[in-house]
Each structure stands twice: as C-alpha cells, then as structure tokens.
Amino acid sequence: MTTTEHAVVIAGGGPTGLMLGAELALADVDVAVVERRPTQELDGSRARGLHARTIEVLDQRGVADRFLAEGQAVQVQSFARTPLDISDFPIRHNYGLALAQNDFERILATWVGELGVPIVREREVTGFAQDETGVDVALSDGRSLRAAFVVGCDGGRSLIRKVAGIEFPGWDPSVSSMIAEVDVTEEPPWGIRYDDNGTQAIGKLDDGQRAGMVLTERYAGQTGEPTLSELRRALVAVWGTDFGAHNPTRLSRFTDMTRQAASYREGRVLLAGDAAHVHYPVGGQGLNIGVQDAVNLGWKLAQVGKGATPESLLNTYQSERHPVAARVLQTTMAQTALTRSDPRIDAVRDILSELLVLDEPRKQMAAMVSGLDIRYDLGEGHPLLGRRMPDLDIVTADGPVRVFTLLHEARPVLLDLGAPSTLDIAPWADRVPLVSAEYDGAWELPVVGAVPAPTAVLVRPDGHVAWVGDDTQAGLADALTAWFGPPSAR
Ligand SMILES: Cc1cc2nc3c(=O)[nH]c(=O)nc-3n(C[C@H](O)[C@H](O)[C@H](O)COP(=O)(O)OP(=O)(O)OC[C@H]3O[C@@H](n4cnc5c(N)ncnc54)[C@H](O)[C@@H]3O)c2cc1C
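Residue numbers (our numbering): 1 to 490.
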C-alpha cells in the first residue's frame, strides 16, 4: 500500500473544504483535499446566495470580484419572511449576492486550483487512525495518506465525525421538503404559498418550460431520495392536482434536522461546515457559516502545524465558532416554526414583523443573518476587540489602500495609525507585518455604530481584531504571543 504525506488532509471538497484548502495554501501549508465527486457539479439545487460577511471574507483574499461578476447583488436577508435591508450598513458590500451553489463552487474551485491545492477526486475517505504524531487516512482506492491533521469537511453525514466518535446532539426532523425540477403538462400557480406544513413553492425555471418546486410535508420517517410518484402525491395533497409533472432532472429531499457536533476537535481531527452543524436552509446561512469556519480555522491550523504557536490555539476554533453555529441553529428552528401557516403562528409572525421593520431590531437581526455581528470573546475592552475589522480606506507610505487588501495573503497585520508611528514589534516581525498608516474618517460598525478611533489595531488573518491600541502598547506583546507565538530571540 502506498502512503503519501501531507501536513493537512481535508475530507470533502464542498464549499468548506475548498475554502479551507485555499486558506492553508495561502499559508504555505502542504494540503490535499479528498473529494468523492468527479467534478464540482452538484446533483440538486442547494444554496442560492452569499451573505455580506462571506463576500467580505472573499474580499479579504482578493477574490470577491470573481463571485460578484457572476451573481447579482440583492438584499437577500430576511427573517421569518420579513425582508431585512442592509443598504444603510456602514460597509462596502451592503448587500447579499444571488449566486447558485453550483456557480459558487465552480468559481471557488478555480481559485483553489490556481493556488495549487491537489484535489484527489473520485475517492472517498473510508476511515482513519490517529496516533501521537499524525493521522493515517484510508482512501477507497486502497491508498493511504499520512497527515499531521485531518479536517472533516465531509458534510452533514460526516464519516470523519462518526469515526472520531464525536457526538452530534440536537433535534430530529419535524418537516421534510422535496426539491425538484420537472416538466409539467398543466400550468401551475407560480409562486409561494404557506400552509400548516410550511413552504410550498413553484417557480418558472430559466427556460420558461420547466418548473422548479419545493414541497414541504410533516416528517414521518422519509428517508433516501424521493421518487416522482412521491412528488406527484405531494403536489396533489397541496393543490389537488399534480400538474402532469414528469421528466424530473433534479429530485432530492432535505429536512429540518438540527444538530451540532459536541466538539469540533478530537486530537488531530477537526470538523468544519455541515460536518459540524446541520439545520433547515431557511435564512440561507449554512454554506456561509461553513466558509467562515474555514477562514477561522485555516490560519490557526497553519501556525500550529508549523510549530509557531502551541496546539492550544486550536481550542479557540471551537470556542469562537461553536457559539456562532449554535445561534444559527436556534434562529433557523425559530424560522422553521414560523414558515408554517395557521392562525396562531400567523399572529406571532405578524407581531414579529411589526418589530422587525423598526430600525434597531432590523439592524440586529440583519447583522446576525449576514454574519456581521460576530464578536469573538477576547475579553473586555474597545468595542472593536473580537469584531470584524472594517474595510477602511487608509493611506500608507505606498499610497492609498483598503485594509482588506492588506489581508490578501492570509497574514495578520498590525496597523499603526498613530502620528508619529511608535510601535515596535521586532521580535514578531518575521510573522506580523507592521504597517504605518493614516486614517481620518469615521470608525463605524454594523449595529454598534460609531466607535472611538484607535491609534493601532492588530488584525488576525481572518479579519477579526485581536488587540486595540489607545496611545500605548499595553497588552500588545501578550496579544502577539497568544495569537502568533512567542517572540523570536533578537
Ligand atoms: C435545498 C438546500 C438549500 C440551501 N440553501 C442555502 C442557502 O441559500 N444559503 C446557504 O448558505 N446554505 C444553503 N444550504 C446549505 C448548504 O448547501 C450547505 O451548508 C453547504 O453545502 C455546506 O458545505 P460543506 O462544504 O460544509 O458540505 P457539503 O456541501 O455537504 O460538502 C461535503 C463534500 O464532501 C464530500 N464527501 C462526503 N463524504 C466524503 C468522503 N467520505 N470522502 C470524500 N469526500 C466526501 C461530498 O461529496 C461533498 O462534496 C442549502 C442546503 C439545501 C439542501
């Protein structure tokens, strides 16, 4: 049996695995992705778009334009059917992006290919065994890969999670939805209706001849992919006719099963994306939080893998990302309940929608859905601490530049905004670029509003603020050590 060695092996090349592959490649880590599918093409329809924070993380790597060029900027955010406009948010991308997951994955895979990440296609990870120094990963072709770390980005049914023995507690399904693309002989009533099971939708597909459908039933143990007869029965149950539905090209099922991995790490094995959390797609956050898991984990794994930072850094992946997904699980369960239509639920939704059109509740929920309200708990301090760094237009000795441009290589940056610049971080200069810059505009965050202008900011590779300076260097050495390792001997 041949064994190939890599620093990191990623099981699964969906949105999360691809993004993690890119992050590790940018950090010069020898990474390989193992993917079951022969191409990036998906069997069924899945995500329809990106939220603002995902556009930002792609912008932080200099590739957002590729996605923006193929999608449509729209206000995609909503909560329990109430649209949530973010066009007044103080951010560059104050919108979402309508873009099918198929297109998202294709564009992402092209970039990952340019970064030189090998994708081992048409192979499955069939098991693994970890020891003190690494993990042996078994592939379906009999080969084996050896890696220091393995990341399960292998979706909701994750084999990695199961073999690692990681519990997946949560809630069983209450509804089951069929998603289909079919020919019809009778014109259906195009549009969405809601009943006591949830959403029933029929839309014209691009060619105008075919229908795309989402039909929701109570969950009664439905397993596996649905058949055309099941789809027809569901149409009759809702509309009294099946509109002559035939010739399905896409037919699949999803439920509102809601579960989250009890731990995101077991030794040298980590989980990200759907492998770590599953929920009903209402609100459209699953792909988005998976991509953001990858951006949180990538640089940490790179540093630990290279021995620059102790392994304990990986614990912050769980402590930062587990609460984010837990909140998404809660809010999608609430929204799933509110997709049903009966007089009592309609009354609750109406009251909620009266609140959500008010400015403060709208901003709060919109920032949550868009991923713009995330604050990692890095202790007390300036309101920027733990939050996303705004993409300011600053001026450096080389001229005007956007802050996100400084993050393109997935490296941290210490921005010295003081006049004159006084910061000295020579013992970390090999790992943390120091950029002196001028900025005299406003410092504004979504929901939080205006915050006091800092004199310096330490920004992690994922774009979150790790330290804020206020005319002194107090706490900077501790923050640099905690996030980027001990000082080098001068
Ligand atoms: C109908 C529907 C609509 C949705 N709409 C939205 C939306 O609007 N917005 C949104 O953000 N999210 C949406 N989602 C959720 C989104 O599709 C997922 O959250 C997203 O695909 C998760 O990405 P992932 O990479 O973590 O997992 P996956 O996309 O599941 O990718 C896992 C990959 O691992 C591979 N794999 C699995 N096991 C193995 C193995 N043993 N060896 C090798 N490869 C393996 C699979 O082939 C797959 O490519 C929707 C989902 C559904 C079902």
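The C-beta atom is built at its ideal place from N, Cα and C for all residues, glycine as well.
By how many angstroms is the C-alpha of LEU480 removed from the C-alpha of ILE119? Translated into positions along the sequence shown, residue 119 becomes position 119. Translated into positions along the sequence shown, residue 480 becomes position 480. Roughly 34 angstroms between the two C-alpha positions.
Run through DSSP, which three-state label would GLN292 get? By 1-based counting over the sequence shown, the position of residue 292 is 292. Correct three-state label for GLN292: helix.
Would you check if the distance between the CB atom of LEU355 and the CB atom of VAL465 is smaller than 9 angstroms? Against the sequence shown, residue 355 aligns to sequence position 355. Against the sequence shown, residue 465 aligns to sequence position 465. No, they are not a contact pair.
Can you determine whether any heavy atom of ligand 1 sits closer than 8 angstroms to the C-beta of GLY203, and answer yes or no? Residue mapping note: residue 203 aligns to position 203 of the sequence shown, counting from 1. Not so, every heavy atom of ligand 1 lies at least 8 angstroms from the Cβ.
Suppose you measure from the CA of SER78 to the CA of ALA366; what does that come to, to the nearest Å? Sequence index remark: in the sequence shown, residue 78 carries index 78 (1-based). Sequence index remark: in the sequence shown, residue 366 carries index 366 (1-based). Whole-angstrom Cα-Cα distance: 7 angstroms.
Given GLU380, which residues of its chain have a CB within under 8 angstroms of its CB, disregarding the five upstream and five downstream residues? For the purposes of this step, residue 380 is taken as residue 380 along the sequence shown, with counting starting at 1. Excluding sequence neighbours, GLU380 sits near nothing in its chain.
Can you pull the DSSP bridge partners for ASP393? In the sequence shown, the residue the question calls residue 393 occupies position 393. Paired residue(s): ARG402.
Could you check how far apart the C-beta atoms of LEU270 and PHE168 are, in whole angstroms? I think they sit under 8 angstroms. As a position in the sequence shown, residue 270 is number 270, starting the count at 1. As a position in the sequence shown, residue 168 is number 168, starting the count at 1. Incorrect: roughly 15 angstroms between the Cβ atoms, too far for contact.
Beta-carbon contacts of LEU115 that lie in its chain and below 6 angstroms, excluding the five residues immediately before and after: Within the sequence shown, the letter at position 115 stands for residue 115. Cβ neighbours of LEU115 beyond the five flanking positions: ALA22, ALA25.
Which of the three DSSP states, helix, strand or coil, is assigned to ILE119? The residue labelled residue 119 in the question sits at position 119 within the sequence shown. Note: ILE119 maps to strand in three-state DSSP.
Considering just the uninterrupted stretch of the beta strand (DSSP E) at THR249, what are its terminal residues? Position 249 of the sequence shown holds residue 249. Its beta strand (DSSP E) spans residues 246-255.
Out of curiosity, what's the CA-to-CA distance linking ALA201 and LEU215? Here residue 201 is taken as the residue at index 201 of the sequence shown, counted from 1. Here residue 215 is taken as the residue at index 215 of the sequence shown, counted from 1. Taking the straight line joining both Cα atoms gives about 7 angstroms.
Quick one: measure Cβ to Cβ for GLN72 and PRO83, integer angstroms, because I've assumed they're closer than 8 angstroms. Looking up residue 72 in the sequence shown gives position 72. Looking up residue 83 in the sequence shown gives position 83. Between PRO83 and GLN72 the Cβ distance is about 16 angstroms, and since that is not below 8 angstroms, they are no contact.
Are there any heavy atoms of ligand 1 lying less than 8 angstroms away from the beta-carbon of ARG66, as far as the coordinates show? Within the sequence shown, numbered from 1, the residue matching residue 66 stands at position 66. Checking every heavy atom of ligand 1 against the Cβ of ARG66, none is found closer than 8 angstroms.
Helix, strand or coil: how does DSSP classify GLY283 here? In the sequence shown, residue 283 corresponds to position 283, counting from 1. In this structure, GLY283 counts as coil in the three-state DSSP scheme.
Leaving out five residues before and five after TYR376 in sequence, what residues of the same chain have Cβ atoms less than 7 angstroms from its Cβ? Position 376 of the sequence shown holds residue 376. Closer than 7 angstroms at Cβ, skipping near neighbours: GLU320, GLY386, HIS464.
Near ligand 1: PHE168 beta-carbon under 8 angstroms from a heavy atom: Residue 168 sits at position 168 when you count from the first residue of the sequence shown. For ligand 1, not one heavy atom lies less than 8 angstroms from the Cβ of PHE168.
Smallest Cα separation from PRO90: which of ASP373, HIS6, ALA80, VAL8? Stepping through the sequence shown from its first residue, residue 90 is reached at position 90. It is ASP373.
Reference PRO517, options VAL348, PRO173, ALA477, ALA272, closest by Cα: The structure shown does not extend to residue 517, since the chain is modelled only from 1 to 490, so the question has no answer here.
Taking 9 angstroms as the cut-off, decide whether the C-beta atoms of SER144 and THR4 are in contact. Stepping through the sequence shown from its first residue, residue 144 is reached at position 144. Stepping through the sequence shown from its first residue, residue 4 is reached at position 4. Going by C-beta atoms, SER144 is nearer than 9 angstroms to THR4.
Own chain, CB closer than 7 angstroms to GLY473, minus 5 neighbours either side, in chain order: The sequence position of residue 473 within the sequence shown is 473, counting from 1. The identity of residue 473 in the sequence shown is Gln, whereas the question assumes Gly. Closer than 7 angstroms at the Cβ level, and outside the excluded window around GLN473, lie LEU423.
Delimiting residues of the beta strand (DSSP E) encompassing ARG259: What you label residue 259 is simply residue 259 of the sequence shown in a count that begins at 1. Taken as a continuous stretch (DSSP letters only), the beta strand (DSSP E) holding ARG259 covers 258-260.
Pairwise C-alpha distance: HIS93 and ILE495: What the structure shows of the chain is the stretch from 1 to 490, and residue 495 is not part of that stretch, so it cannot be assessed.
May I ask you to verify whether the segment 309-328 touches the segment 286-296, counting CB pairs closer than 8 angstroms and requiring at least 3? yes
Measuring from the CB of LEU287, is there a heavy atom of ligand 1 at a distance below 8 angstroms? Residue mapping note: residue 287 aligns to position 287 of the sequence shown, counting from 1. Yes, since a heavy atom of ligand 1 falls inside the 8 angstroms radius drawn around the Cβ of LEU287.
Taking C-beta to C-beta, are VAL151 and VAL295 nearer than 9 angstroms? Along the sequence shown, one-based indexing puts residue 151 at 151. Along the sequence shown, one-based indexing puts residue 295 at 295. No, Cβ-Cβ distance for VAL151 and VAL295 is not below 9 angstroms.
Looking at ARG161 and ASP154, is the spacing between their C-beta atoms short of 9 angstroms? Indexing the sequence shown from 1 puts residue 154 at position 154. Indexing the sequence shown from 1 puts residue 161 at position 161. A contact, by the Cβ cut-off of 9 angstroms.
Are there 16 or more other CB atoms within 10 angstroms of the CB of VAL357, so buried, or fewer, so exposed? Position 357 of the sequence shown, counting from 1, holds the residue named residue 357. By the neighbour-count rule (16 or more Cβ atoms within 10 Å), VAL357 is not buried but exposed.
Between which two residues does the alpha helix (DSSP H) harbouring LYS363 extend? Translated into the one-based positions of the sequence shown, residue 363 becomes position 363. Unbroken alpha helix (DSSP H) run through LYS363: 359-370.
Based on Cα-Cα distance, which residue from GLY113, GLY49, GLY62 lies nearest to LEU18? Indexing the sequence shown from 1 puts residue 18 at position 18. When each option's Cα is compared against that of LEU18, the closest is GLY113.
With DSSP run on the structure shown, which of helix, strand or coil describes GLY469? Within the sequence shown, the letter at position 469 stands for residue 469. Of the three classes helix, strand and coil, the one that applies to GLY469 here is strand, per DSSP.
Can you give me the start and stop residues for the beta strand (DSSP E) that HIS382 sits inside? Position 382 of the sequence shown holds residue 382. Run containing HIS382: none; DSSP gives neither H nor E here.
Go ahead and label ALA508 buried or exposed: buried means 16 or more other beta carbons lie within 10 angstroms of its beta carbon, across all protein chains shown. One cannot answer for residue 508 here, as it falls past the ends of the chain, which runs 1 to 490.
Chain-order list of residues whose beta-carbon lies under 6 angstroms from that of ILE192 (same chain, five-residue window excluded): Position 192 of the sequence shown, counting from 1, holds the residue named residue 192. ALA201.
Does the segment 122-136 touch the segment 24-42, meaning 3 or more C-beta pairs lie closer than 8 angstroms? yes
Less than 8 angstroms between the CB of VAL34 and some heavy atom of ligand 1, yes or no? Start at 1 with the first residue of the sequence shown, and residue 34 comes out as number 34. Yes - ligand 1 has a heavy atom lying nearer than 8 angstroms to the Cβ of VAL34.
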